[in-house]
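Have a look at the structure below before the remarks.
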Amino acid sequence: MTSKNIVIVGGNAGGGLMAGRLARMLPKDQVNITVLDKLGKVEFQPSFTYVALGNRTEEQVSKDFTPMARENVKPIKAEVTKVDAANRTVYTNNGQYKYDILVLSPGVQLNDSKFKGHEDTYHFWDMQSSLRLRSALSKFKKGKIVISVASPIYKCPPVPWEMSMLLHEYFTNKGIRNDVDITVAHPMGRQFEMFGPNIADPLGNWMSDMKINGHYKFMPAYADPVKHELVGQNNESIKYDLAIVSPIQTAPDFVTSNDDLKSKVGWADANYKNFRNSKYDDIYSIGDVISPTLGMGMAGAFTHFEADTVATFIADDVIGSYLTLPFNPVAMCAMEGGSYGWVAYCNFGKKLRDPNYAFNDCSVMGRGRIYKMLHSVYEKYYYATILRGRV
Ligand SMILES: Cc1cc2nc3c(=O)[nH]c(=O)nc-3n(C[C@H](O)[C@H](O)[C@H](O)COP(=O)(O)OP(=O)(O)OC[C@H]3O[C@@H](n4cnc5c(N)ncnc54)[C@H](O)[C@@H]3O)c2cc1C
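All residue numbers for the sequence shown refer to our numbering, where the first residue is 1 and numbers rise by one.
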């Protein structure tokens, strides 16, 4: 029997998990799995906030991806530049790869330079930027910190507020909280609005208790490095001493430049039932690169369940018969709230079926110091699953 070539683009949350799942589910003589990743790293991105606050080192959060290799799994450091879907070929800066089945999980492209004045701002959406922010925060003794976003679509929608609460704890523990003003300036109408009132209401109260300010319906157009102001698209401006602004985030260029891969909204094309491309059923896409297409936020929780589902569809393609697993549109999200943690539980099933549905299907499952440990527990599980292929 000739074996099938499965090529996976992206070896982190979605692609890395997928490679391990497929290696376990499929007979070794029936598949060759190639994982292409431009960084060649497995990174636990939720810990970028911890890197910025000094609680993690680069080595703890960003690990070489070669331990992912198995008898039939080959991780290769290569940046994908083009996909020729008609000829089933992926082009990279490190060779060309033919596939029978292609899985795209390349996440987002961070476009720092597209935000004017970005040199005067900081962020924590990648490792090097988190380290730069860490250096700035360690010297910050007094003044106003503004956290904002340069595009309404960005990885982990609740993270600006989560970071504001972590900064509250950071400066409280340093004994200078009264000298530091923390403001979240955001295009939404209020804190955690995307989760609905069951989350937004209690979180609003907790943030008021921490004296974290909110400046809403504000979308920055640029940063003025001379006046140290974020200037909004409505010309309103907010002064800062230190600005944390997420970079503009898009699908990677090899997706946006390819009509076969792109959806109507400019991200990767897929549906939430089987995650196949609508023109080429040998291409699956998962993770952040399809979230805007599906109308969902970008979260590792969805990526994980998408990988689980797609792995069963690929097993069905390869073996000829496999009991497939429907997508579970549920997220249990462990978040930091200052010195304690809390867990949000959301079911996005109705929202996926009807984009106009008035979403209110989240609740707070628990709040307390014990929930703060969940971040570290999940971090360990992440590396065990992706690098060592454990369940
Ligand atoms: C600060 C922060 C906090 C977060 N907190 C949470 C949280 O608490 N809970 C949660 O559920 N989610 C959280 N997330 C989101 C979560 O990390 C992402 O949703 C998840 O990593 C998406 O997985 P992915 O596989 O789609 O993309 P990624 O994990 O980003 O992986 C994409 C991979 O593709 C590679 N790649 C990109 N382009 C190319 C190319 N052209 N060629 C080859 N390789 C390429 C990259 O190097 C990368 O390794 C957070 C994210 C950030 C940044």
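Heads up, the beta-carbon is just placed ideally off N, CA and C, and yes, glycines get one too.
- [ ] Kindly indicate which residue of F302, K28, I199 has the alpha-carbon position closest to the one of F359.
- [x] Residue numbering aside, residue 359 sits at position 359 when the sequence shown is read from its first letter. The candidate whose alpha carbon is nearest that of F359 is I199.
TODO: Report whether the distance from the Cβ of E379 to the nearest heavy atom of ligand 1 is below 7 Å.
DONE: The residue given as residue 379 occupies position 379 in the sequence shown. Checking the Cβ of E379 against ligand 1 gives no.
Open item on the list: Quick check on the burial criterion: 16 or more other C-beta atoms within 10 angstroms. Buried or exposed for V265?
Closed with: The residue you call residue 265 lines up with position 265 of the sequence shown. Sixteen is the threshold: since fewer than 16 other Cβ atoms of the shown chains lie within 10 Å of the Cβ of V265, the residue is exposed.
TODO: Put G266 into one of helix, strand or coil per three-state DSSP.
DONE: The residue given as residue 266 occupies position 266 in the sequence shown. Annotated three-state conformation of G266 is coil, per DSSP.
Open item on the list: Whole angstroms are fine: how far does the CA of Q191 sit from the CA of W161?
Closed with: Counting from 1 along the sequence shown, the entry for residue 161 is found at position 161. Counting from 1 along the sequence shown, the entry for residue 191 is found at position 191. Cα to Cα, W161 sits roughly 7 Å from Q191.
Open item on the list: On the DSSP bridge list, what partners appear for L230?
Closed with: Within the sequence shown, residue 230 is the residue found at index 230, counting from 1. Under DSSP, L230 forms a beta bridge with A223, I238.
- [ ] Could you name the residues of the same chain whose beta carbon sits closer than 6 Å to that of Q96, not counting the 5 residues immediately before and after it, in chain order?
- [x] For the purposes of this step, residue 96 is taken as the residue at position 96 of the sequence shown. Taken in chain order, the residues that qualify are T89.
TODO: Could you name the residues of the same chain whose beta carbon sits closer than 6 Å to that of T121, not counting the 5 residues immediately before and after it, in chain order?
DONE: If you number the sequence shown from 1, residue 121 lands on position 121. In chain order, A223, A243, V245 place their CB closer than 6 Å to the CB of T121, counting only its own chain and leaving out the 5 sequence neighbours on each side.
- [ ] Taking only beta-carbon positions, decide if G11 is within less than 8 Å of chain D.
- [x] Protein chains in the displayed structure number just one, and chain D is not present.
TODO: Can you tell me which of the three DSSP states S291 falls into?
DONE: What you label residue 291 is simply residue 291 of the sequence shown in a count that begins at 1. Looking at S291 - three-state DSSP - the assignment turns out to be helix.
Open item on the list: Between which residues of its own chain and M68 is the CB-CB distance below 8 Å, once the five residues before and five after are set aside?
Closed with: As a first step, residue 68 is located in the sequence shown; it is residue number 68 there, counting from the start. Result list for M68: G11, G16, A19, G20, V35, V42, P75, I386, L387, G389, in chain order.
Task: Bridge partners - T121, DSSP secondary structure assignment - done: Your numbering for residue 121 matches position 121 in the sequence shown. Per DSSP, A243.
TODO: On a CA-only basis, which of M373, P158, I6, D316 is nearest V103? Give me that one, please.
DONE: To locate residue 103, count along the sequence shown from 1; it is residue 103. The residue from M373, P158, I6, D316 with its alpha-carbon nearest to that of V103 is I6.
Open item on the list: DSSP has E162 in a bridge; who is on the other side?
Closed with: Start at 1 with the first residue of the sequence shown, and residue 162 comes out as number 162. E162 pairs with nothing; no bridge assigned.
Open item on the list: Tell me whether T303, by its Cβ, gets closer than 7 Å to a heavy atom of ligand 1.
Closed with: The residue labelled residue 303 in the question sits at position 303 within the sequence shown. Checking the Cβ of T303 against ligand 1 gives yes.
TODO: Note down the Cα distance separating A150 from D29, rounded to an integer number of angstroms.
DONE: Taking the first residue of the sequence shown as 1, we reach residue 150 at position 150. Taking the first residue of the sequence shown as 1, we reach residue 29 at position 29. C-alpha separation (whole angstroms): 47 Å.
TODO: Answer yes if the stretch 318-331 comes into contact with the stretch 163-182, meaning at least three C-beta pairs across the two stretches below 8 Å, and no otherwise.
DONE: Judged by Cβ distances under 8 Å, the stretch 163-182 makes no contact with the stretch 318-331, as fewer than three pairs qualify.
Task: Residue(s) in a DSSP beta bridge with W206 - done: For the purposes of this step, residue 206 is identified with residue 206 of the sequence shown, where counting begins at 1. The bridge partners DSSP lists for W206 come to none.
Open item on the list: Taking only three categories from DSSP, how would you classify A307?
Closed with: Counting from 1 along the sequence shown, the entry for residue 307 is found at position 307. In the structure shown, A307 adopts helical secondary structure according to DSSP, grouped into three states.
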